[in-house]
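Enquirer: What follows is a single structure, and I will ask about it in a moment.
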């Protein structure tokens with residue numbers, strides 16, 4: 309599932325090298341997959357591992373208020389195989 313999502317994100321965000329991001333995924337109550345991609349991991353981000361795929365629960369996804377394209381927010385519907393959203397985070 310992660311590889312399918314990453315292919316869709318890579319096709320939409322051509323300037324993003326997904327291999328450089330830690331990729332955190334979680335299934336939501338409505339069946340969608342939410343993901344947070346972090347380009348730089350630091351001690352302040354619990355559970356972050358450089359350039360790895362991590363499945364967790366939605367309440368444990370990293371929460372970042374800014375970060376530009378160092379943080380990518382993703383929503384995916386596995387029922388339809390549709391990428392709902394993939395966008396760089398805002399800037400503080």
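In our numbering, the protein residues as written are 309 to 400.
No residue lacks a Cβ here, since even glycine has one placed at the ideal position from N, Cα and C.
Computed from a predicted model, the values in this text were never measured in an experiment.
1) Throw me the rounded Cβ distance for the residue 361 and residue 310 pair, which I believe falls under 8 Å.
2) Taking residue 335 as the reference, which of 325, 396, 313 has the closest Cα?
3) Measuring only the C-alpha atoms, how far is residue 395 from residue 318?
4) Classify residue 376: buried if its beta carbon has 16 or more other beta carbons within 10 angstroms, exposed otherwise.
5) Within 10 Å of its beta-carbon, does residue 341 have 16 or more other beta-carbons around it, so buried, or fewer, so exposed?
Expert: In short, the structure shows the following:
1) The C-beta distance from residue 361 to residue 310 rounds to 5 Å, short enough to fall under 8 Å.
2) Closest option to residue 335, Cα to Cα, is 313.
3) As the crow flies, the alpha-carbon of residue 395 is around 11 Å from that of residue 318.
4) Under this definition residue 376 is an exposed residue.
5) Looking at its Cβ environment, which holds 16 or more other Cβ atoms inside 10 Å, residue 341 is buried.
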